[in-house]
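For reference, the structure is listed below as structure tokens.
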Amino acid sequence: MPTSLRERLAILFEGGFARLLLVPALAFIGIFVLFPLVWSVILSFTNYSLIGIRAVKYGFVGIQNYVRILTDFVFQDSIVNSFKFTLFSALIGQAFLGLALAIVARMKLPEGPLGTLIKVLRAIAITLVFISWVIPEVVAGYAWAAITERGGLLSRLLGIEGRLYLERP
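Laid out in structure tokens, this is it:
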């Protein structure tokens with residue numbers, strides 16, 4: 005147990021550089037995550053509005069907003085629809101179909117025409133999965149090429165014609 009002030013300060017500043025490196029990340033989280041979260045919770049208990057007089061002068065209404073939204077049938081339907089979408093998309097669409105595709109991709113095939121048919125179907129299924137991974141990257145690449153090409157969107161926004169951004173920076 006450290007008793008002197010010097011020993012206590014040495015323990016406190018041990019690994020101090022690592023703590024110092026955490027300060028920007030913690031500040032970012034505090035400013036852009038925690039503050040908006042707390043402010044949203046505070047505003048949820050008021051009659052604040054984005055337009056009109058209540059945008060300037062708003063007052064405390066307690067849990068009236070929560071009672072109103074929880075008794076609204078449209079909100080209840082949206083919760084049910086979100087649950088259904090999550091259930092069918094995530095559980096059935098991803099987990100079960102992904103598991104089925106993995107089993108088909110790894111199973112041993114019988115000899116003969118049935119084995120050949122299963123090989124073809126397996127190759128088609130695996131190709132479709134890989135295409136769904138590749139297409140977004142290809143589209144993003146073409147979009148960036150269109151933005152940065154000579155006479156593209158970036159040149160027009162900057163008012164510069166004929167600059168090749170990727171060839172001569």
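Residue 5 is where the sequence shown starts when you use this note's numbering, and the numbers rise one by one after that. In this text, a Cβ means the ideal position worked out from N, Cα and C, and glycines have one as well.
Note to self: Which residue marks the beginning of the alpha helix (DSSP H) containing Val45, and which one marks its end?
What the structure shows: If you number the sequence shown from 1, residue 45 lands on position 41. Its alpha helix (DSSP H) spans residues 39-47.
Check: From Gln80 to Val42, what distance separates their C-alpha atoms?
Finding: For this step, residue 80 is matched to residue 76 along the sequence shown. For this step, residue 42 is matched to residue 38 along the sequence shown. Rounded to the nearest angstrom, the two C-alpha atoms are 25 Å apart.
Item checked: Rounded straight-line distance, which links the Cα of Ser8 to that of Pro40 -> As a working note, residue 40 is residue 36 in the sequence shown. As a working note, residue 8 is residue 4 in the sequence shown. For Pro40 and Ser8, the distance between alpha carbons rounds to 42 Å.
Checklist line | Alpha carbon of Gly155 to alpha carbon of Glu165, nearest angstrom | finding: Taking the first residue of the sequence shown as 1, we reach residue 155 at position 151. Taking the first residue of the sequence shown as 1, we reach residue 165 at position 161. Near 6 Å, if we compare the C-alpha coordinates of Glu165 and Gly155.
Check: Rounded to a whole number of angstroms, what is the C-alpha to C-alpha distance between Tyr146 and Ile139?
Finding: On the sequence shown, residue 146 is found 142 positions in, with the first residue counted as 1. On the sequence shown, residue 139 is found 135 positions in, with the first residue counted as 1. Each residue's alpha carbon lies about 11 Å from the other.
Notebook entry, point to check: So what does DSSP say about Phe64, is it helix, strand or coil?
Noted result: As a first step, residue 64 must be located in the sequence shown, where it is residue number 60. It is a strand residue.
Checklist line | Secondary structure, alpha helix (DSSP H): runs of 4+ residues fully inside the stretch 56-107 | finding: 68-74, 77-90
Notebook entry, point to check: I think Thr50 touches Val65, with their Cβ atoms under 8 Å apart; what is that distance to the nearest whole Å?
Noted result: Here residue 50 is taken as the residue at index 46 of the sequence shown, counted from 1. Here residue 65 is taken as the residue at index 61 of the sequence shown, counted from 1. Contact holds; Cβ gap of about 6 Å.
Next item on the list: Give the DSSP-derived three-state secondary structure of Thr7 in the structure shown.
Entry: Reading the sequence shown from its first residue, position 3 is the one you call residue 7. Coil at Thr7, not helix or strand.
Next item on the list: Verify whether the separation of the beta carbon atoms of Asn69 and Ser48 is less than 8 Å.
Entry: Translated into positions along the sequence shown, residue 69 becomes position 65. Translated into positions along the sequence shown, residue 48 becomes position 44. Yes, the pair counts as a contact, with Cβ atoms nearer than the cut-off.
Next item on the list: May I ask which residues mark the beginning and end of the alpha helix (DSSP H) holding Gly145?
Entry: By 1-based counting over the sequence shown, the position of residue 145 is 141. Where Gly145 is concerned, the enclosing alpha helix (DSSP H) stretches over 117-152.
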